[in-house]
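592 is the number of the first residue of the sequence shown in this note's numbering; add one for each residue after it. See below for the structure under consideration.
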Amino acid sequence: MSPSQWIKDAVKDPNKLTLFRILAAPVIIILLLEPNRITTCFAALIFSAAAITDYFDGYLARRKGLVSNLGKVMDPVADKLLVSSAFIMLAALNWIPAWVVCVIVGRELAVTGLRNIIAQNRKDVSASNLGKYKTGFQIAAIIPLLFHYPYFGVELHVIGMVFLWGALIFTIWSGADYFIRNKDLLQT
Numbered sequence: 592m593s594p595s596q597w598i599k600d601a602v603k604d605p606n607k608l609t610l611f612r613i614l615a616a617p618v619i620i621i622l623l624l625e626p627n628r629i630t631t632c633f634a635a636l637i638f639s640a641a642a643i644t645d646y647f648d649g650y651l652a653r654r655k656g657l658v659s660n661l662g663k664v665m666d667p668v669a670d671k672l673l674v675s676s677a678f679i680m681l682a683a684l685n686w687i688p689a690w691v692v693c694v695i696v697g698r699e700l701a702v703t704g705l706r707n708i709i710a711q712n713r714k715d716v717s718a719s720n721l722g723k724y725k726t727g728f729q730i731a732a733i734i735p736l737l738f739h740y741p742y743f744g745v746e747l748h749v750i751g752m753v754f755l756w757g758a759l760i761f762t763i764w765s766g767a768d769y770f771i772r773n774k775d776l777l778q779t
């Protein structure tokens with residue numbers, strides 16, 4: 592199947608975009624096993640393309656009336672898998688502090704568990720604005736961190752670290768907000 596045909600099919604079935612994010616995660620991991628300017632560049636470009644699909648799969652599903660239970664389950668799993676695997680590899684390479692990754696991944700697991708409790712109680716589990724800011728900062732951190740090496744005299748790693756600290760702040764803030772807003776469900 593040609594790339595253009597795959598894109599046309601993905602527009603008809605937004606779950607294919609979600610599947611692309613899931614499949615991108617192991618490709619990024621493999622590219623980072625032997626990091627160099629070429630592999631990190633490809634990892635950053637694949638991550639960028641996958642991150643963009645996160646917006647489009649939801650948009651297309653809502654616009655075309657293709658929202659499905661499968662998509663509702665796969666989308667957050669794909670997001671967590673893509674972001675967490677990138678952060679874990681960055682920490683494994685000692686390009687970012689491992690404790691930051693532990694906080695970010697730990698928050699993702701905790702909030703995912705809470706979202707399951709919320710869904711079981713038939714309450715709204717949509718992401719808050721803080722969660723959206725968190726995701727934006729995480730993506731803005733990961734892309735330059737994956738490039739890692741200076742390009743055209745620009746220290747992309749430094750830019751990525753600035754966004755990483757912002758991502759850490761929004762990760763903690765949005766996680767705390769989620770638990771505070773839903774504390775009544777945790778008291779049972």
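All C-beta atoms, glycine included, are put in the ideal place defined by N, C-alpha and C.
To the nearest angstrom, how far is it from the Cα of ARG628 to the Cα of PRO617? 19 angstroms
* From which residue to which residue does the alpha helix (DSSP H) around SER639 run? -> 628-654
Going by beta-carbon coordinates alone, are PHE728 and PHE770 separated by less than 7 angstroms? no
So, for ALA677: in the same chain, excluding its five sequence neighbours on each side, which residues have a beta-carbon less than 7 angstroms away from its beta-carbon?
ILE619, PHE638, ILE733 and LEU737
Could you check which residue in LEU614, ALA640 and LYS655 has the C-alpha nearest to that of PRO605?
-> LYS655
key: Beta-carbon contacts of GLY766 that lie in its chain and below 8 angstroms, excluding the five residues immediately before and after   = ARG698, ALA701 and VAL702
Q.
Which same chain residues end up closer than 8 angstroms to PRO688 when comparing Cβ atoms and leaving out the 5 residues on each side of it in sequence?
A. ALA682
Item to check | Outcome for PHE743 when other beta-carbon atoms lying within 10 angstroms are tallied against a minimum of 16 | outcome: exposed
* With distances taken from CA atoms, which of THR609, VAL668, VAL664 and MET752 is nearest PHE647? -> THR609
Review point. So what does DSSP say about TYR742, is it helix, strand or coil?
Key: strand
What's the C-alpha gap between ASN685 and ILE643? 26 angstroms
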